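Numbering (the numbering used here), first residue to last: 15 to 312.
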(Lines of atoms letter the chains of each structure in order from A and count residues from 1; the text may use other names and numbers.)
(Lines give C-alpha, C1' and ligand atoms only; values in the text may rest on other atoms or scores of the structure.)
Protein backbone atom coordinates (compact mmCIF):
# COMPACT_ATOMS: atom_id res chain seq x y z
CA UNK A 1 0.00 0.00 0.00
CA UNK A 2 1.07 3.56 -0.52
CA UNK A 3 1.80 5.98 2.11
CA UNK A 4 -1.46 6.58 3.45
CA UNK A 5 -1.89 3.01 4.02
CA UNK A 6 0.59 4.01 6.42
CA UNK A 7 -2.26 4.96 8.41
CA UNK A 8 -3.71 1.53 8.19
CA UNK A 9 -0.94 -1.00 8.36
CA UNK A 10 0.85 -1.82 11.56
CA UNK A 11 4.16 -2.52 9.89
CA UNK A 12 4.00 -0.06 7.05
CA UNK A 13 5.23 2.98 6.78
CA UNK A 14 1.82 5.36 4.62
CA UNK A 15 0.76 4.51 3.43
CA UNK A 16 1.74 7.61 7.98
CA UNK A 17 2.59 8.34 7.04
CA UNK A 18 0.64 7.46 9.38
CA UNK A 19 4.35 6.77 6.27
CA UNK A 20 4.71 7.18 6.00
CA UNK A 21 6.42 6.56 6.40
CA UNK A 22 7.55 5.70 2.88
CA UNK A 23 6.16 5.58 2.88
CA UNK A 24 4.98 4.25 -0.38
CA UNK A 25 4.46 0.61 -1.23
CA UNK A 26 5.28 1.35 -4.83
CA UNK A 27 8.66 2.89 -3.99
CA UNK A 28 11.88 1.91 -2.32
CA UNK A 29 12.10 5.33 -0.74
CA UNK A 30 11.93 5.53 3.04
CA UNK A 31 11.02 8.34 5.37
CA UNK A 32 12.25 9.57 8.74
CA UNK A 33 8.92 8.51 10.26
CA UNK A 34 9.63 4.88 9.43
CA UNK A 35 13.39 4.48 9.38
CA UNK A 36 15.44 4.21 12.55
CA UNK A 37 19.01 3.05 12.14
CA UNK A 38 21.27 3.08 9.10
CA UNK A 39 21.09 -0.39 7.58
CA UNK A 40 24.03 -2.76 7.67
CA UNK A 41 23.65 -3.45 3.94
CA UNK A 42 24.26 0.14 2.81
CA UNK A 43 27.21 0.83 0.56
CA UNK A 44 30.17 3.01 1.40
CA UNK A 45 30.40 5.61 2.74
CA UNK A 46 28.82 4.05 5.80
CA UNK A 47 28.78 7.22 7.85
CA UNK A 48 28.41 10.96 7.27
CA UNK A 49 30.25 13.05 9.89
CA UNK A 50 28.03 15.27 12.05
CA UNK A 51 28.11 19.05 11.64
CA UNK A 52 30.15 21.08 14.10
CA UNK A 53 26.99 22.49 15.69
CA UNK A 54 25.25 19.12 16.15
CA UNK A 55 25.10 19.45 19.95
CA UNK A 56 22.92 22.58 19.98
CA UNK A 57 21.49 25.16 17.57
CA UNK A 58 23.72 28.22 17.07
CA UNK A 59 22.67 31.70 18.12
CA UNK A 60 21.75 32.70 14.56
CA UNK A 61 19.38 29.76 14.01
CA UNK A 62 15.75 30.57 13.24
CA UNK A 63 13.28 29.45 15.91
CA UNK A 64 9.55 28.82 15.80
CA UNK A 65 7.03 28.99 18.62
CA UNK A 66 7.03 25.20 18.88
CA UNK A 67 10.73 25.09 19.73
CA UNK A 68 11.95 23.98 16.29
CA UNK A 69 15.29 25.56 15.30
CA UNK A 70 16.72 25.68 11.78
CA UNK A 71 19.32 27.29 9.59
CA UNK A 72 19.38 27.63 5.78
CA UNK A 73 22.51 26.02 4.33
CA UNK A 74 21.70 26.57 0.64
CA UNK A 75 18.90 28.87 -0.59
CA UNK A 76 16.11 27.38 -2.66
CA UNK A 77 14.52 28.56 -5.87
CA UNK A 78 11.08 30.05 -6.51
CA UNK A 79 8.46 30.88 -3.91
CA UNK A 80 6.54 27.61 -3.62
CA UNK A 81 6.58 25.86 -0.26
CA UNK A 82 4.84 22.58 0.61
CA UNK A 83 1.71 22.43 2.74
CA UNK A 84 1.04 19.82 5.42
CA UNK A 85 -1.22 18.02 2.94
CA UNK A 86 1.48 17.65 0.29
CA UNK A 87 3.97 14.89 -0.44
CA UNK A 88 7.66 15.77 -0.67
CA UNK A 89 10.84 14.23 -2.07
CA UNK A 90 13.96 14.91 0.00
CA UNK A 91 17.50 13.83 0.70
CA UNK A 92 18.43 13.90 4.38
CA UNK A 93 20.80 12.75 7.08
CA UNK A 94 19.97 12.56 10.78
CA UNK A 95 22.18 12.60 13.88
CA UNK A 96 21.66 12.51 17.63
CA UNK A 97 23.29 15.38 19.55
CA UNK A 98 26.29 13.19 20.48
CA UNK A 99 27.13 12.99 16.77
CA UNK A 100 25.80 9.51 16.02
CA UNK A 101 24.30 9.23 12.55
CA UNK A 102 21.14 7.11 12.74
CA UNK A 103 19.68 7.52 9.25
CA UNK A 104 20.58 8.86 5.82
CA UNK A 105 18.88 8.69 2.44
CA UNK A 106 22.17 9.84 0.94
CA UNK A 107 23.96 6.70 2.08
CA UNK A 108 21.11 4.59 0.74
CA UNK A 109 21.47 6.40 -2.57
CA UNK A 110 17.72 6.96 -2.84
CA UNK A 111 15.77 10.11 -1.92
CA UNK A 112 12.83 9.74 0.43
CA UNK A 113 9.25 10.44 -0.60
CA UNK A 114 6.50 10.84 1.99
CA UNK A 115 3.38 12.83 2.90
CA UNK A 116 4.13 15.59 5.38
CA UNK A 117 1.27 14.47 7.60
CA UNK A 118 2.91 11.04 7.89
CA UNK A 119 6.14 12.01 9.65
CA UNK A 120 7.29 13.39 13.00
CA UNK A 121 5.86 16.85 13.86
CA UNK A 122 9.25 18.51 13.50
CA UNK A 123 9.41 17.41 9.88
CA UNK A 124 5.79 18.36 9.17
CA UNK A 125 6.45 21.87 10.46
CA UNK A 126 10.01 22.28 9.22
CA UNK A 127 9.56 21.23 5.59
CA UNK A 128 6.82 23.82 5.21
CA UNK A 129 9.47 26.49 5.78
CA UNK A 130 11.49 25.31 2.77
CA UNK A 131 11.55 25.99 -0.96
CA UNK A 132 12.50 23.50 -3.66
CA UNK A 133 16.28 23.23 -3.93
CA UNK A 134 16.81 24.53 -0.42
CA UNK A 135 19.07 22.78 2.08
CA UNK A 136 18.37 23.37 5.73
CA UNK A 137 19.62 22.08 9.07
CA UNK A 138 17.00 21.34 11.72
CA UNK A 139 17.39 20.92 15.46
CA UNK A 140 14.19 19.10 16.44
CA UNK A 141 13.31 18.99 20.16
CA UNK A 142 12.15 15.65 21.64
CA UNK A 143 8.50 16.70 21.81
CA UNK A 144 8.53 17.19 18.02
CA UNK A 145 10.44 13.96 17.36
CA UNK A 146 10.22 10.63 19.24
CA UNK A 147 10.54 11.93 22.80
CA UNK A 148 13.16 11.48 25.48
CA UNK A 149 12.13 7.84 25.87
CA UNK A 150 10.73 6.65 22.51
CA UNK A 151 7.88 4.15 22.66
CA UNK A 152 8.88 2.70 19.31
CA UNK A 153 11.80 0.24 19.46
CA UNK A 154 14.91 1.58 17.76
CA UNK A 155 13.72 5.17 17.43
CA UNK A 156 16.38 7.78 18.32
CA UNK A 157 15.83 9.65 21.59
CA UNK A 158 16.15 13.28 22.56
CA UNK A 159 16.80 16.21 20.27
CA UNK A 160 17.53 15.19 16.69
CA UNK A 161 19.51 17.07 14.06
CA UNK A 162 18.76 16.72 10.34
CA UNK A 163 20.29 18.15 7.20
CA UNK A 164 17.51 18.18 4.61
CA UNK A 165 17.40 19.05 0.91
CA UNK A 166 13.90 19.59 -0.53
CA UNK A 167 13.98 18.23 -4.07
CA UNK A 168 10.35 18.17 -5.10
CA UNK A 169 6.82 19.01 -3.95
CA UNK A 170 3.96 16.77 -5.05
CA UNK A 171 0.65 18.50 -4.47
CA UNK A 172 -2.06 16.37 -2.89
CA UNK A 173 -5.17 15.87 -5.04
CA UNK A 174 -8.41 17.42 -3.85
CA UNK A 175 -9.86 15.32 -1.00
CA UNK A 176 -13.16 13.49 -1.29
CA UNK A 177 -16.00 15.02 0.74
CA UNK A 178 -16.86 13.25 3.97
CA UNK A 179 -20.17 11.38 4.27
CA UNK A 180 -22.94 13.17 6.23
CA UNK A 181 -22.73 10.65 9.09
CA UNK A 182 -18.95 10.83 9.48
CA UNK A 183 -19.13 12.14 13.04
CA UNK A 184 -21.08 9.17 14.45
CA UNK A 185 -22.57 5.89 13.22
CA UNK A 186 -26.32 6.02 12.43
CA UNK A 187 -28.82 4.03 14.47
CA UNK A 188 -29.27 1.41 11.76
CA UNK A 189 -25.54 0.63 11.61
CA UNK A 190 -24.67 -2.94 12.46
CA UNK A 191 -22.40 -3.53 15.44
CA UNK A 192 -19.99 -6.28 16.46
CA UNK A 193 -19.02 -7.24 20.04
CA UNK A 194 -15.69 -5.43 19.63
CA UNK A 195 -17.40 -2.09 19.08
CA UNK A 196 -16.91 -1.96 15.32
CA UNK A 197 -19.93 -0.55 13.48
CA UNK A 198 -20.67 -0.73 9.78
CA UNK A 199 -23.26 -0.24 7.08
CA UNK A 200 -23.42 -1.96 3.70
CA UNK A 201 -23.45 0.60 0.87
CA UNK A 202 -23.44 -1.84 -2.04
CA UNK A 203 -24.02 -5.59 -2.12
CA UNK A 204 -21.31 -7.89 -3.40
CA UNK A 205 -21.41 -10.11 -6.47
CA UNK A 206 -19.38 -13.00 -5.04
CA UNK A 207 -20.31 -14.80 -1.76
CA UNK A 208 -16.70 -15.34 -0.68
CA UNK A 209 -15.48 -13.71 2.53
CA UNK A 210 -11.75 -13.17 3.11
CA UNK A 211 -9.97 -14.81 6.05
CA UNK A 212 -7.52 -13.00 8.30
CA UNK A 213 -4.69 -14.83 6.55
CA UNK A 214 -5.76 -13.72 3.05
CA UNK A 215 -4.38 -10.93 0.90
CA UNK A 216 -7.07 -8.54 -0.28
CA UNK A 217 -7.39 -5.86 -2.93
CA UNK A 218 -9.50 -2.85 -2.00
CA UNK A 219 -10.37 0.72 -2.78
CA UNK A 220 -10.90 2.89 0.29
CA UNK A 221 -11.14 6.39 1.69
CA UNK A 222 -10.64 7.32 5.33
CA UNK A 223 -11.80 10.33 7.36
CA UNK A 224 -11.52 11.50 10.93
CA UNK A 225 -14.82 12.31 12.64
CA UNK A 226 -14.37 16.04 11.95
CA UNK A 227 -14.55 15.25 8.22
CA UNK A 228 -10.85 15.45 7.34
CA UNK A 229 -9.82 12.94 4.70
CA UNK A 230 -6.44 11.49 5.70
CA UNK A 231 -6.05 8.71 3.15
CA UNK A 232 -7.63 7.48 -0.08
CA UNK A 233 -6.65 4.91 -2.69
CA UNK A 234 -9.48 6.36 -4.80
CA UNK A 235 -7.80 9.77 -4.92
CA UNK A 236 -4.47 8.14 -5.79
CA UNK A 237 -6.19 6.23 -8.59
CA UNK A 238 -4.71 2.89 -7.57
CA UNK A 239 -6.21 0.09 -5.49
CA UNK A 240 -4.44 -1.14 -2.37
CA UNK A 241 -3.25 -4.73 -1.86
CA UNK A 242 -2.23 -6.02 1.57
CA UNK A 243 -2.38 -9.05 3.90
CA UNK A 244 -5.40 -8.74 6.16
CA UNK A 245 -3.47 -9.67 9.29
CA UNK A 246 -1.09 -6.74 8.81
CA UNK A 247 -3.50 -3.86 9.26
CA UNK A 248 -5.29 -2.21 12.16
CA UNK A 249 -7.67 -4.55 14.06
CA UNK A 250 -10.76 -2.74 12.77
CA UNK A 251 -9.76 -3.56 9.20
CA UNK A 252 -8.82 -7.15 9.99
CA UNK A 253 -12.23 -7.72 11.55
CA UNK A 254 -14.30 -5.57 9.20
CA UNK A 255 -13.02 -6.89 5.89
CA UNK A 256 -13.87 -10.45 6.93
CA UNK A 257 -17.53 -9.38 7.13
CA UNK A 258 -17.50 -8.35 3.47
CA UNK A 259 -18.03 -10.27 0.25
CA UNK A 260 -16.23 -9.57 -3.03
CA UNK A 261 -17.72 -6.55 -4.78
CA UNK A 262 -19.31 -5.24 -1.60
CA UNK A 263 -18.90 -1.66 -0.40
CA UNK A 264 -19.14 -0.87 3.31
CA UNK A 265 -18.76 2.11 5.59
CA UNK A 266 -16.95 1.37 8.84
CA UNK A 267 -16.88 3.38 12.05
CA UNK A 268 -13.77 2.05 13.76
CA UNK A 269 -13.33 2.96 17.45
CA UNK A 270 -9.95 4.23 18.58
CA UNK A 271 -9.05 0.98 20.34
CA UNK A 272 -9.35 -0.87 16.99
CA UNK A 273 -7.39 1.82 15.11
CA UNK A 274 -4.45 3.88 16.37
CA UNK A 275 -5.85 4.97 19.73
CA UNK A 276 -6.78 8.37 21.11
CA UNK A 277 -3.10 9.37 21.22
CA UNK A 278 -1.25 7.44 18.50
CA UNK A 279 2.34 6.48 19.26
CA UNK A 280 3.26 6.63 15.58
CA UNK A 281 3.89 10.11 14.18
CA UNK A 282 1.24 11.20 11.70
CA UNK A 283 -1.29 8.46 12.49
CA UNK A 284 -4.90 9.70 12.78
CA UNK A 285 -6.38 9.70 16.29
CA UNK A 286 -9.75 8.66 17.70
CA UNK A 287 -12.56 6.98 15.83
CA UNK A 288 -11.93 6.61 12.10
CA UNK A 289 -14.45 6.27 9.30
CA UNK A 290 -13.70 4.30 6.14
CA UNK A 291 -15.60 3.61 2.95
CA UNK A 292 -14.20 0.33 1.62
CA UNK A 293 -14.83 -1.66 -1.56
CA UNK A 294 -13.56 -5.25 -1.54
CA UNK A 295 -12.34 -5.78 -5.09
CA UNK A 296 -10.73 -9.18 -4.82
CA UNK A 297 -9.33 -11.85 -2.54
CA UNK A 298 -5.87 -12.98 -3.66
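Cβ atoms here follow ideal geometry from the backbone N, Cα and C, with glycine treated the same way.
The model shown is predicted, which means the values in this text are computed figures rather than measured ones.
Contact belief for residue 175 with residue 108 at Cβ below 8 Å, rounded distance in angstroms: As a first step, residue 175 must be located in the chain shown, where it is residue number 161. As a first step, residue 108 must be located in the chain shown, where it is residue number 94. Right, the Cβ-Cβ distance comes to about 7 Å (below 8 Å), so this counts as a contact.
Buried/exposed call for residue 191, threshold 16 Cβ in 10 Å: By one-based count along the chain shown, residue 191 stands at place 177. Exposed, by the Cβ-count rule.
Cβ pair count under 8 Å reaching 3, the segment 138-147 against the segment 76-96: Yes, the segment 138-147 touches the segment 76-96.
Cross-strand partners of residue 115 (DSSP beta bridge): To locate residue 115, count along the chain shown from 1; it is residue 101. Paired residue(s): 109.
Under the three-state DSSP convention, the category residue 257 falls into: Position 243 of the chain shown, counted from the start, is the residue given in the question as residue 257. Correct three-state label for residue 257: strand.
Distance, residue 183 Cα to residue 173 Cα: Translated into the one-based positions of the chain shown, residue 173 becomes position 159. Translated into the one-based positions of the chain shown, residue 183 becomes position 169. So the alpha carbons of these two residues sit roughly 26 Å apart.
Span separating the alpha-carbon of residue 298 from that of residue 288: Here residue 298 refers to the residue found at position 284 when the chain shown is read from its first residue. Here residue 288 refers to the residue found at position 274 when the chain shown is read from its first residue. Going from the Cα of residue 298 to the Cα of residue 288 covers about 7 Å.
Residue 129 - containing alpha helix (DSSP H), residue span: The count along the chain shown starts at 1 and reaches residue 129 at position 115. Segment 126-129 is the beta strand (DSSP E) holding residue 129; no alpha helix (DSSP H) there.
Presumed contact (8 Å Cβ cut-off) between residue 222 and residue 279, rounded CB distance: Your numbering for residue 222 matches position 208 in the chain shown. Your numbering for residue 279 matches position 265 in the chain shown. Going by Cβ atoms, the distance from residue 222 to residue 279 rounds to 21 Å, so no, they are not a contact pair.
Residues near residue 227 by beta carbon distance below 8 Å, same chain, minus five either side: By 1-based counting over the chain shown, the position of residue 227 is 213. Excluding residues up to 5 positions away in sequence, 257, 258, 259 lie with their Cβ nearer than 8 Å to the Cβ of residue 227 in the same chain.
DSSP state of residue 238 mapped onto helix, strand, coil: On the chain shown, position 224 is the one that residue 238 refers to. Strand, per DSSP.
Opposing strand residues paired with residue 149 [DSSP bridges]: On the chain shown, residue 149 is found 135 positions in, with the first residue counted as 1. In DSSP, residue 149 forms a bridge with 88, 179.
Residue nearest to residue 270 in terms of C-alpha spacing, selected from 246, 309, 250: Taking the chain shown and counting its residues from 1, the one referred to as residue 270 is at position 256. Check the Cα spacing between residue 270 and each of 246, 309, 250: the tightest is with 309.
Bridge partners - residue 137, DSSP secondary structure assignment: Start at 1 with the first residue of the chain shown, and residue 137 comes out as number 123. Beta-bridge pairing links residue 137 to no other residue.
Cβ contact (3+ pairs, closer than 8 Å) linking the segment 83-92 and the segment 102-119: no
DSSP three-state assignment for residue 262, whether helix, strand or coil: Taking the chain shown and counting its residues from 1, the one referred to as residue 262 is at position 248. Note: residue 262 maps to coil in three-state DSSP.
For residue 231: DSSP bridge partner residues: Locating residue 231 in the chain shown gives position 217, where the first residue counts as 1. Paired residue(s): 255, 310.
Which of helix, strand or coil DSSP assigns to residue 284: Within the chain shown, the letter at position 270 stands for residue 284. If DSSP states are grouped into helix, strand and coil, residue 284 belongs with the helices.
Closest by C-alpha distance to residue 275, when choosing among 186, 216, 178: Counted from its first residue, the chain shown places residue 275 at position 261. Among 186, 216, 178, the Cα nearest to that of residue 275 belongs to 216.
Residue burial classification, residue 87 (beta-carbon count within 10 angstroms, cutoff 16): Residue mapping note: residue 87 aligns to position 73 of the chain shown, counting from 1. So residue 87 counts as exposed.
Spatial distance of residue 239 from residue 290 (CA atoms): Here residue 239 refers to the residue found at position 225 when the chain shown is read from its first residue. Here residue 290 refers to the residue found at position 276 when the chain shown is read from its first residue. Taking the straight line joining both Cα atoms gives about 12 Å.
Every unbroken beta strand (DSSP E) within the segment 200-226, with a cutoff of 3 residues, ordered by chain: DSSP assignment within the segment 200-226 yields the following whole beta strand (DSSP E) runs of 3 residues or more, N-terminal first: 211-216.
Contact under 8 Å by Cβ, residue 235 with residue 99: In the chain shown, residue 235 corresponds to position 221, counting from 1. In the chain shown, residue 99 corresponds to position 85, counting from 1. Their beta carbons are not under 8 Å apart, which means residue 235 does not touch residue 99 by this criterion.
Straight-line gap, residue 322 to residue 177 (C-alpha atoms, nearest Å): Here the chain has residues from 15 to 312 only, and residue 322 is not among them.
Three-state class that DSSP yields for residue 120 in the structure shown: Taking the chain shown and counting its residues from 1, one reaches residue 120 at position 106. Residue 120: helix per DSSP, three-state reduction.
Rounded C-alpha distance that separates residue 110 from residue 311: Position 96 of the chain shown holds residue 110. Position 297 of the chain shown holds residue 311. If I take the Cα positions, the gap works out to 44 Å.
Distance between beta carbons of residue 210 and residue 329, contact taken as under 8 Å: It is not possible to answer for residue 329, since the shown part of the chain is limited to 15 through 312.
Cβ-based burial, residue 113 [other Cβ within 10 Å; buried from 16]: What you label residue 113 is simply residue 99 of the chain shown in a count that begins at 1. So residue 113 counts as exposed.
First through last residue of the alpha helix (DSSP H) which encompasses residue 247: Here residue 247 is taken as the residue at index 233 of the chain shown, counted from 1. Run containing residue 247: 247-250, per the alpha helix (DSSP H) assignment.
Simplified DSSP state of residue 157, which is helix, strand or coil: Here residue 157 corresponds to residue number 143 of the chain shown, with the count starting at 1. Reduced to three states, the DSSP call for residue 157 is helix.
Helix, strand or coil at residue 174 according to DSSP, with G and I counted as helix: As a working note, residue 174 is residue 160 in the chain shown. Of the three classes helix, strand and coil, the one that applies to residue 174 here is strand, per DSSP.
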